[in-house]
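*Asks:*
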Amino acid sequence: LVEDLEMTCFLFTGFGTSFIKSQRLSPDSFLQMAIQLAFYRIHKEPGAHYESASTRRYLHGRTETIRSCSTESVEFAKTMLDENASADEKASSLRKAVEGHKNYAKDAVRGYGVDRHLLGLKLCAIEAGMDVPTLFMDVGYIRSSHMRLSTSQVPARCEAFMCFGPLVPDGYGCCYNPRPDSVVFGTSAFNSSPETDSATFRAALEESLMDMHDVLLKSGLKAKL
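So that you can map any letter, position 57 of the sequence shown is 57 in the UniProt record's numbering, and since no number is skipped, the others follow by simple counting.
1. For my contact list, residue 23 and residue 68 are in at a C-beta cut-off of 8 Å; report their separation, rounded to the angstrom.
2. Can you grab the Cα-Cα spacing for the pair residue 151 / residue 184, in whole Å?
3. For a quick check, are the C-beta atoms of residue 107 and residue 65 less than 7 Å apart?
4. Can you give, in chain order, each stretch of the alpha helix (DSSP H) that sits fully within the segment 139-220 and has at least 4 residues?
5. Please indicate yes or no: does the CB of residue 1 lie closer than 6 Å to some heavy atom of the ligand GDP?
6. Taking C-beta to C-beta, are residue 219 and residue 37 nearer than 7 Å?
7. Can you name the start and end residues of the beta strand (DSSP E) that residue 124 belongs to?
8. Using the Cβ count rule (16 or more neighbours within 10 Å means buried), how would you classify residue 194?
9. Enumerate in chain order the residues of its own chain whose CB-to-CB distance from residue 189 is below 7 Å, with the five nearest sequence positions on each side excluded.
10. My output table needs one value for residue 56: the three-state DSSP class, helix, strand or coil.
11. Tell me which residues share the same chain as residue 4 and place their Cβ nearer than 8 Å to its Cβ, disregarding the 5 neighbours each side in the sequence.
12. Per DSSP, which one or two residues make a beta bridge with residue 50?
13. Ends of the alpha helix (DSSP H) at residue 17?
Set out below in structure tokens:
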């Protein structure tokens with residue numbers, strides 16, 4: 001397993017959280033949308049996307065899933081890669097996607113996520129000796145649970161990083177440490193997968209980040225104060 005894991009760790013110096021905040025955007029949501037755009041840029045389709053959310057505010061709470069792939073993120077990726085779209089159109093779709101992710105993240109932290117609830121129902125059925133509900137055999141559910149992007153923010157005061165492997169054979173792992181003027185990334189993929197390559201993902205991620213940066217500067221749209 002170790003020999004099959006390809007890891008790429010790098011320091012992105014194009015900008016950091018200071019610029020993102022100057023645009024009145026959530027740094028984590030912005031970086032999550034950059035990851036979505038990078039995946040779409042490579043594979044020409046959206047990928048189910050896991051980000052961990054803490055539910056420590058509840059007794060015995062641990063994590064919930066933030067599903068970063070959304071209607072807004074797909075529209076954003078399509079618009080960003082549309083050569084006929086204007087800077088204002090791209091910036092508008094970016095802001096909508098970031099705002100959408102921020103709201104999904106808030107819901108997950110507050111206990112309104114769906115993944116842990118459904119997992120609990122599935123485990124209850126198994127423990128009770130019942131047939132697993134047909135929902136869990138549904139093609140749509142199975143596809144939505146095949147997380148090709150496994151991501152997490154691990155902030156630190158220094159230029160430290162951590163990384164983990166993909167959740168699925170044809171997926172990526174992406175961990176990041178956002179800093180004021182840079183972002184430390186750790187990405188991974190499996191060597192045995194013909195569909196994924198960690199170095200290619202890095203290049204797409206850096207390109208996506210700079211495209212998002214440039215679109216915001218070119219656009220005449222301003223965030224609401």
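Even glycine gets a Cβ: it sits at the ideal position worked out from N, Cα and C.
*Replies:* Here's the rundown:
1. In the sequence shown, counting from the first residue as 1, residue 23 sits at position 23. In the sequence shown, counting from the first residue as 1, residue 68 sits at position 68. Wrong, their Cβ atoms sit about 19 Å apart, outside the cutoff.
2. Position 151 of the sequence shown, counted from the first residue, corresponds to residue 151. Position 184 of the sequence shown, counted from the first residue, corresponds to residue 184. Their backbone Cα atoms lie some 13 Å apart in a straight line.
3. Indexing the sequence shown from 1 puts residue 107 at position 107. Indexing the sequence shown from 1 puts residue 65 at position 65. The answer is no: Cβ separation not under 7 Å.
4. 139-144, 198-218
5. Inclusion of the ligand GDP in the displayed structure is not the case, the ligand content being empty and no account of it being possible.
6. Start at 1 with the first residue of the sequence shown, and residue 219 comes out as number 219. Start at 1 with the first residue of the sequence shown, and residue 37 comes out as number 37. Going by C-beta atoms, residue 219 is not nearer than 7 Å to residue 37.
7. As a working note, residue 124 is residue 124 in the sequence shown. Run containing residue 124: none in the beta strand (DSSP E); it sits in the alpha helix (DSSP H), 115-127.
8. Position 194 of the sequence shown, counting from 1, holds the residue named residue 194. Answer is exposed; the Cβ neighbour count stays below 16.
9. Within the sequence shown, the letter at position 189 stands for residue 189. Closer than 7 Å at Cβ, skipping near neighbours: 6, 166, 172, 196, 197, 198, 201.
10. Your numbering for residue 56 matches position 56 in the sequence shown. Coil.
11. Here residue 4 refers to the residue found at position 4 of the sequence shown. So the list reads 190, 191, 192, once near-sequence residues are dropped.
12. Locating residue 50 in the sequence shown gives position 50, counting from the first residue. BP columns for residue 50 point to 67, 150.
13. Within the sequence shown, numbered from 1, the residue matching residue 17 stands at position 17. Start and end: 17-22.
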